[in-house]
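Residue numbers (the working numbering), protein chains in the order written: chain A, 219 to 451; chain B, -13 to 359. Idealized CB from N, CA, C, for every residue including glycine. Notes for the one structure printed next.
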Amino acid sequence: MSERLRESLSALMDDEADDLELGRILRAMDSGEADLAATWSRYQLVSAVLKGHPGSVGLRPLALDLTAADVEPAGGAADGVDGVGNGSPAAGAARERGHARRALGSFAVAASITAVAVVGWQWQTDAEAESAPVAAGASMVTAPATAPSSSMLPALRAADQRGLLQASEQARVGMDPPRSRPSPAVPMAADTVERDLRQQVEAYMVRHAEHNAFHSRSGMMPFARMAAFDGSQ
Amino acid sequence: MRPRAYRSGVVVSGTLLLLAMLAGPANADDPGAWLDRMHAALAELSYHGEFSYFHGGELASLSIAHAVVDGVRRERLVHLNGMPREVVRHGDKVTCVLHPGDRLIDLEQSVPAGPFAQSYGRVLDGLPQGYQATLVGEDRIAGRTAVQLRIEPEMPDRYGYRLWLDRETALLLRSELLDTSDQPLEIFQFVRIEIGGPIAARKLEVSEGDHLVKHELLKRDPVRRDPARRDRASQGRAASAETGSDRLQAVGPFALDSSSVTTDDDTVEWEAGWLPAGFAMSSADIRRVPSRSDSIANLVYSDGMATFSVFVERAPADLSPVHVARHGATVAVMRRVSAATPEPWLVTVVGEVPVETAERVAENVRPLAAAGD
Chain A
219 MSERLRESLS
229 ALMDDEADDL
239 ELGRILRAMD
249 SGEADLAATW
259 SRYQLVSAVL
269 KGHPGSVGLR
279 PLALDLTAAD
289 VEPAGGAADG
299 VDGVGNGSPA
309 AGAARERGHA
319 RRALGSFAVA
329 ASITAVAVVG
339 WQWQTDAEAE
349 SAPVAAGASM
359 VTAPATAPSS
369 SMLPALRAAD
379 QRGLLQASEQ
389 ARVGMDPPRS
399 RPSPAVPMAA
409 DTVERDLRQQ
419 VEAYMVRHAE
429 HNAFHSRSGM
439 MPFARMAAFD
449 GSQ
Chain B
-13 MRPRAYRSGV
-3 VVSGTLLLLA
7 MLAGPANADD
17 PGAWLDRMHA
27 ALAELSYHGE
37 FSYFHGGELA
47 SLSIAHAVVD
57 GVRRERLVHL
67 NGMPREVVRH
77 GDKVTCVLHP
87 GDRLIDLEQS
97 VPAGPFAQSY
107 GRVLDGLPQG
117 YQATLVGEDR
127 IAGRTAVQLR
137 IEPEMPDRYG
147 YRLWLDRETA
157 LLLRSELLDT
167 SDQPLEIFQF
177 VRIEIGGPIA
187 ARKLEVSEGD
197 HLVKHELLKR
207 DPVRRDPARR
217 DRASQGRAAS
227 AETGSDRLQA
237 VGPFALDSSS
247 VTTDDDTVEW
257 EAGWLPAGFA
267 MSSADIRRVP
277 SRSDSIANLV
287 YSDGMATFSV
297 FVERAPADLS
307 PVHVARHGAT
317 VAVMRRVSAA
327 TPEPWLVTVV
337 GEVPVETAER
347 VAENVRPLAA
357 AGD
């Protein structure tokens, strides 16, 4: 493993990886770089110990360690994102609602590590997210427009706090707000490719549910998934 | 109370039932035996009732009727809220009945229907590999006494479950799918159920009406499989081949059955280069896209509890590298891959697994030809 890759990993740990570094890590992952996962684990372990959470990480695969990095208590994680994402109005709220991250954060980081557009469905499990402003969808669109990718990660996290997930590099994807909220249902700023893609993802979800329904021995749950697939949009 | 009306043709269910009978009262404390009984009960009992289904912050209500009539499994599920929808199963045929304007129709059409590939031998006895199960105690669901099972994954690469089974019949009365921090991602629960007794025929029939859109799903014969390739691919999941795999019929990556595929393009065969331990292919399929010149490959993997699907198609131009979406317990990861092929492909992994797992699977989907090289 090259020193440069190590540096990139380290930068990623500190939420300071830029486009080039993220790209380098991604390429290394793609090419099955030998020590990548182990190095990442070591860094996580060191970081966890430094932050006083030993034992919270182990020698898990890279993707899982990304989760470990993110499910730390909000305080520790907030330290890492200080100074970035200042432009996002959601950043403060992100810190306030840190505990919501437990359910959401792993998704965000796993997504951001792959440098990414997140096509959005809402995702919220706690009642607190209900109090998020109706305009949450709109704030998604304004968030990372021209921001460098180093601010993407906190922006993602901020987005998570509202129960919405969205970040993008080149592509901007509008999101449907949760059905329970009186918000505009029309995706904003979505270009055709992304909209098609989104429809494709939904179609695959339906296909997957159908397949499960067809083959599963587990009773009606897969059927329910299919029948209950959001049809109100 | 155990059902008697199964036919010899229902080999799987019959075997399970036999196991359940053997396991019966003598192993009342064995979670694996309860799971076996649950599967048998779901497939063979007559029951009807209503249940709630909570997912992704939404609550749906559905009614269900299930019976085995002349040895054929029949089931009908009706969505009680919002757009009327129903799913009717009659043996190997599943019909979805939708109303015009239902968004599901568009979604159905955007991926071509075609028959489903046969699902291969993913018949597991008891508890699948990779999980630990415990009996938690008794509870009461829909007015019936239930036994609560907790099924925990040994690794955080998949979800856990809490199941409530009817103490008398082992029918599933409530089920929770739990994320890696034990929060329920979806909950299914009967609010009313009647078990046993005859089911009125009309409760199992497809609704009729000129305005209804019917969409049929059919099983078809398995696609051809190449044993040599299977062996090679199984090396890729060596980690999953340690214990318990003898209970699975390992199934290799799919190869296209020329009789069922009409694509003109150079078809590339795909496989998962990485799988969580215990997962193996349960189905493989390919579909022609009428509106485009290419086709979509569809692989399905299961560990006996969780399932995910892999779709591979040619990538549209100007696509960002990765997309992630989520709906209830179902996550979807779309990833553009360009390694090892001259042109970019789009890999989509959809399933009820943690997003990290889906991402890792997506990252490692590869052309079959590259497997052993």
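Residue ranges of each beta strand (DSSP E) run of no fewer than 3 residues wholly in the region 301 to 353 of chain B, ordered along the chain?
308 to 313, 316 to 323, 331 to 337 and 351 to 353
Distance check for I282 (chain B) and P353 (chain B), CA to CA, integer angstroms please.
14 Å
Close Cβ partners of R224 (chain A) (< 8 Å) along its chain, the five nearest in sequence each way excluded:
T257
Which residues in the same chain as R346 (chain B) place their Cβ atom closer than 7 Å to its Cβ, once the five residues preceding and following it in sequence are excluded?
W260
Tell whether a beta-carbon distance below 9 Å holds between L45 (chain B) and Y39 (chain B).
yes
T166 (chain B): beta carbon under 8 Å from a heavy atom of the ligand ZN?
Inclusion of the ligand ZN in the displayed structure is not the case, the ligand content being empty and no account of it being possible.
In three-state terms, what does DSSP make of G146 (chain B)?
strand
Around the Cβ of V284 (chain B), are there at least 16 other Cβ atoms within 10 angstroms (buried) or fewer (exposed)?
Sequence inspection shows Asn at residue 284 (chain B); the Val mentioned does not correspond to that position. Buried, by the Cβ-count rule.
Where does H197 (chain B) land, buried or exposed, given buried means 16+ other C-beta within 10 angstroms?
exposed
Put N284 (chain B) into one of helix, strand or coil per three-state DSSP.
strand
On a CA-only basis, which of B:G314, B:V323, B:Q118 and B:M69 is nearest V336 (chain B)? Give me that one, please.
B:G314
Whose C-alpha, out of B:P328, B:E124 and B:V286, is nearest the C-alpha of V296 (chain B)?
B:V286
If we define contact as Cβ-Cβ less than 9 Å, is A315 (chain B) a contact residue for chain A?
yes
Taking all protein chains shown into account, do 16 or more other C-beta atoms lie within 10 angstroms of the C-beta of G42 (chain B), making it buried, or fewer, making it exposed?
buried
When the cut-off is 9 Å and only beta carbons count, does H76 (chain B) lie next to chain A?
no
Identify the residues that DSSP records as bridge partners of S295 (chain B): which are they?
B:V286 and B:V336
Step through the CB atoms of chain B and report whether any lies within less than 9 Å of the CB of R413 (chain A).
no
W20 (chain B) versus E154 (chain B) - alpha carbon distance:
11 Å
By the DSSP assignment, the beta strand (DSSP E) with E124 (chain B) in it spans what residues?
Y117 to I127
Within the continuous beta strand (DSSP E) that includes I50 (chain B), where are the two ends?
E44 to V55
Once the 5 residues before and after E342 (chain B) are set aside, which same chain residues still bring their CB inside 6 Å of it?
none
Going by DSSP, what residues sit across from I181 (chain B) in a beta bridge?
B:Y33
Under 9 Å, Cβ to Cβ, is there at least one residue of chain A near H309 (chain B)?
yes
Could you list which residues in chain B have their beta carbon closer than 8 Å to that of M231 (chain A), in chain order?
Correct list: empty, because the minimum Cβ distance to chain B is about 17 Å.
Check whether the Cβ atoms of R144 (chain B) and M291 (chain B) lie closer than 9 Å to each other.
yes
Please name the residue in B:G264, B:G182, B:L157 and B:R188 whose C-alpha comes closest to that of Q175 (chain B).
B:L157
Would you say L151 (chain B) and L163 (chain B) are within 9 Å of each other, going by their C-beta atoms?
no
Consider the Cβ of G337 (chain B): report whether some Cβ of chain A lies at a distance smaller than 9 Å.
yes
Beta-carbon gap between S193 (chain B) and E72 (chain B) smaller than 9 Å:
yes
State the start and end residues of the unbroken beta strand (DSSP E) segment that holds A132 (chain B).
R130 to P139
To which residues of the same chain is E180 (chain B) closer than 7 Å at the C-beta, ignoring the five residues directly before and after it?
Y33, H34 and G35
Look at the alpha carbon of P262 (chain B) and the alpha carbon of M24 (chain B), and state the distance between them as a whole number of angstroms.
25 Å
On a Cα-Cα basis, can you pick out the residue from B:M141, B:D168, B:V177 and B:T120 that is closest to G129 (chain B)?
B:V177
Can you tell me whether DSSP reads L159 (chain B) as helix, strand or coil?
strand
Within 9 Å, strictly: CB atoms of A344 (chain B) and V323 (chain B)
no
Exposed or buried, what is S249 (chain A) when buried is set at 16 or more other beta-carbons lying within 10 Å of its beta-carbon?
exposed
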